[in-house]
Structure formats: structure tokens, C-alpha cells
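Novice: Per the numbering used here, the very first residue in the sequence shown carries number 1; after that it's consecutive. Backbone N, C-alpha and C define an ideal beta-carbon position, used for all residues, glycine too.
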Amino acid sequence: LCAKKQFAGDADIMLTCGDAETLPFKNSSFDMVVSTSTYQWLSPLGAPFAEVWRVLKPGGRFCFALFGEKTLYELRDSYSSAITLLHKCNADRTHQFASCSDVVSALKSASFVKIDVFDELEVENYPDVYSLIRAVNGIGAGSAARTIATGLAGRSVMLKMMDIYRERYGMKEVVPATYQVVYGTGTKAVAEPLRG
1 LCAKKQFAGD ADIMLTCGDA ETLPFKNSSF DMVVSTSTYQ WLSPLGAPFA EVWRVLKPGG
61 RFCFALFGEK TLYELRDSYS SAITLLHKCN ADRTHQFASC SDVVSALKSA SFVKIDVFDE
121 LEVENYPDVY SLIRAVNGIG AGSAARTIAT GLAGRSVMLK MMDIYRERYG MKEVVPATYQ
181 VVYGTGTKAV AEPLRG
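As C-alpha cells, then:
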């Protein structure tokens with residue numbers, strides 16, 4: 001909504017929402033597609049990236065940021081360990097984020113060129129594990145936290161997971177949570193002229 005207000009009246013910019021796996025636009029419609037924090041929820045990435053390639057004009061750029069495989073690794077590890085300890089199985093139902101190499105492969109399979117992918121790790125500190133889970137659920141991200149909090153784990157697994165998290169990753173009065181942000185760009189190649 002803020003972006004719509006900021007760019008209101010600018011005929012060169014169109015802000016819209018659509019299904020990333022079947023974009024509601026004609027082929028070769030855009031000079032640029034920009035996305036943040038969307039594509040990490042889609043798996044595999046090849047088909048959604050191919051949709052972006054389809055709607056870009058030749059020479060068009062795709063710029064994006066998404067969460068990578070190291071995102072919330074502390075939470076996933078603690079949850080998996082709690083399930084294993086209490087139920088003698090490894091029933092990890094948390095979301096598996098893509099690696100940088102997965103992202104590069106998906107861009108290549110979608111026919112992008114001039115690919116650039118890099119990542120940064122960000123660590124946020126929370127007073128306790130429960131505060132972390134509330135924060136992640138509050139922004140609508142993190143199926144890892146949502147899976148744990150919605151009953152797939154049960155109270156005993158939740159409490160054990162919190163203990164394991166504090167023991168393995170807790171620091172003085174805080175627990176850290178790691179977010180891996182993967183940034184990427186790709187270009188739709190301009191067709192070579194036919195030589196005859």
C-alpha cells in the first residue's frame with residue numbers, strides 16, 4: 001500500500017499482485033520484475049522463474065531477494081532433535097528453503113543469462129524462543145515456527161524444542177535466529193539477429 005501511494009500517478013510503474021506460478025500477464029510485457037520475500041515459499045523454483053522469464057521483454061531484468069536454506073536453522077535443528085528424542089523418528093515437517101546453488105540452477109533452467117546470486121547472513125536476537133516463534137508467526141513467515149506452534153508437534157515437543165534451542169544456541173539473556181537473505185538477478189537474453 002505504501003508503494004502504491006508513493007508511485008501513484010507514475011505511468012511507467014505498475015504495482016500488482018498475482019500468482020507467481022501463473023503470472024496474469026502477456027509474454028514480453030515488462031522491462032523489469034522485482035520481488036522480495038516471495039519465492040522462498042515456492043518449490044521448486046524453476047517453474048515460477050520461467051514465468052518471470054516469460055513476462056520479461058528481451059533484455060529485461062529479474063531482481064529478487066528470498067530467504068535461503070540457513071534461515072532459522074537453529075529452530076529447525078532444535079525441532080528435529082526434539083521430535084527424534086521424544087518420538088524416536090525424524091519427522092521434520094518444517095519448510096526447506098532453497099540453497100544459493102538451487103537458485104542459480106533454477107535461473108539457468110528458466111533460460112536467464114547474466115546471473116548474479118549472493119547471500120548475506122543476518123542474526124536477530126530474541127529474549128526467548130517463544131518470543132522468536134511469535135515474531136516469526138507475526139510477520140506471516142516461517143512455516144518452521146508455524147508447524148511447531150499449530151499442533152503438529154504437541155506441547156511436549158514444543159517444550160523440548162525450546163530447551164534444546166536454549167542449550168545449543170542460547171547466549172546471555174538472548175536466543176539468536178539466523179536469516180540467510182539470498183539476492184539474485186538474471187536477464188532475459190536479447191535474441192541474436194538472423195544472419196543470412
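Take M32 as the anchor and find which of E21, S43, C63 has the nearest alpha-carbon.
Specialist: Start at 1 with the first residue of the sequence shown, and residue 32 comes out as number 32. Selected option, being the one with the closest Cα: C63.
Novice: According to DSSP, what are the bridge partners of K188?
Specialist: Numbered from 1 along the sequence shown, position 188 holds the residue referred to as residue 188. K188 is bridged to F112.
Novice: Put S35 into one of helix, strand or coil per three-state DSSP.
Specialist: Counting from 1 along the sequence shown, the entry for residue 35 is found at position 35. S35: strand per DSSP, three-state reduction.
Novice: As a quick exercise: from L75, L121, E120, pick the residue whose alpha carbon is nearest that of I133.
Specialist: Within the sequence shown, the letter at position 133 stands for residue 133. I133 has its Cα closest to that of L75, out of L75, L121, E120.
Novice: Helix, strand or coil for K160, going by three-state DSSP, please let me know.
Specialist: Here the question's residue 160 lines up with position 160 in the sequence shown. Reduced to three states, the DSSP call for K160 is helix.
Novice: Between F25 and the rest of its own chain, which residues show a CB-CB distance below 8 Å, the 5 nearest in sequence each way excluded?
Specialist: Indexing the sequence shown from 1 puts residue 25 at position 25. Result list for F25: G18, V55, in chain order.
Novice: Determine the DSSP secondary structure at D197, reduced to helix, strand or coil.
Specialist: Lying before the first or after the last residue shown, residue 197 is absent from the chain, which here runs from 1 to 196.
Novice: Between the Cα of V34 and those of K160, A191, G184, S28, spot the shortest distance and give me the residue it belongs to.
Specialist: As a first step, residue 34 is located in the sequence shown; it is residue number 34 there, counting from the start. Residue G184 is the option with its Cα nearest to V34.
Novice: Under 7 Å from any heavy atom of the ligand NAD, does the C-beta of V104 make it?
Specialist: As presented, the structure is devoid of all ligands, the ligand NAD included, so that no description of it is given.
Novice: Can you tell me the Cβ-Cβ gap for V117 and V136, rounded? I've got them flagged as a contact below 8 Å.
Specialist: For this step, residue 117 is matched to residue 117 along the sequence shown. For this step, residue 136 is matched to residue 136 along the sequence shown. The pair is not a contact, with the Cβ atoms about 24 Å apart (cut-off 8 Å).
Novice: Name the residue from Y126, W53, S43 whose alpha carbon lies nearest to the alpha carbon of E69.
Specialist: Locating residue 69 in the sequence shown gives position 69, where the first residue counts as 1. Of the candidates Y126, W53, S43, the one whose C-alpha sits nearest the C-alpha of E69 is S43.
Novice: Given a threshold of 16 other Cβ atoms within 10 Å of its Cβ, counted over all protein chains shown, does T38 qualify as buried or as exposed?
Specialist: Your numbering for residue 38 matches position 38 in the sequence shown. Classification of T38: exposed, given that the 10 Å Cβ count is below 16.
Novice: Secondary structure at E120, three-state DSSP: helix, strand or coil?
Specialist: By 1-based counting over the sequence shown, the position of residue 120 is 120. Strand at E120.
Novice: Excluding the 5 residues flanking V190 on each side, which residues of the same chain have their C-beta closer than 7 Å to its C-beta?
Specialist: Sequence index remark: in the sequence shown, residue 190 carries index 190 (1-based). If we look at V190 and ignore the five residues flanking it on each side, its Cβ neighbours are P58, G59.
Novice: For S28 and M171, what's the separation of their Cα atoms in angstroms?
Specialist: Taking the sequence shown and counting its residues from 1, one reaches residue 28 at position 28. Taking the sequence shown and counting its residues from 1, one reaches residue 171 at position 171. For S28 and M171, the distance between alpha carbons rounds to 51 Å.
Novice: Considering only C-alpha positions, which residue in the set H95, S105, L159 is nearest to I215?
Specialist: This structure cannot settle anything about residue 215, because the visible part of the chain is limited to 1 through 196.
Novice: Taking C-alpha atoms, which residue in K160, Y169, V157 lies nearest to E124?
Specialist: Within the sequence shown, numbered from 1, the residue matching residue 124 stands at position 124. Comparing Cα-Cα distances from E124 to each of K160, Y169, V157, the minimum goes to Y169.
Novice: Would you decide whether H87 is buried or exposed? Buried here means 16 or more other CB atoms lie within 10 Å of its CB.
Specialist: Taking the sequence shown and counting its residues from 1, one reaches residue 87 at position 87. H87 comes out exposed.
Novice: What does the alpha-carbon distance come out to for the pair P127 and T187?
Specialist: Numbered from its first residue, the sequence shown carries residue 127 at position 127. Numbered from its first residue, the sequence shown carries residue 187 at position 187. Using only the alpha carbons, I get a separation of about 43 Å.
Novice: Comparing C-alpha positions only, which one of H95, V182, W53 sits nearest to F30?
Specialist: Mapped onto the sequence shown, residue 30 falls at position 30. Of the listed residues, the one whose Cα sits closest to F30 is W53.
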